[in-house]
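Mapped onto UniProt numbering, the consecutive letters of the sequence shown carry residue numbers 1 to 64.
Take a look at the structure below.
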Amino acid sequence: RRKIKALKDKYLHPIDKKYASLQCTLDYLDTSTSERQLVEEYFAAVGSDSCEILHVWRVSHKKR
């Protein structure tokens, strides 16, 4: 198990390593999820016509 974890850690993207060090996980939100739709509704409500939402991610932090 330690060897597998070491290999995973070795090939992680530097940004992924930073999130892992903060004990955070990132989950991509598909366009069909209610959370993603809420973000899109918010942007529409505040008049952000100059921005286009490409990707939305949920960030979760491991509680201590």
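For each residue, glycine too, the CB sits at the ideal point set by N, CA and C.
The beta carbons of E35 and I53 sit no closer together than 8 angstroms. Under the three-state reduction of DSSP, Y28 is assigned to strand. DSSP places S60 within a strand segment (E or B) once states are collapsed to three. In the DSSP assignment, D16 falls within the unbroken alpha helix (DSSP H) covering 14 to 21. Within the model, the alpha-carbon separation for V46 versus K10 is close to 42 angstroms.
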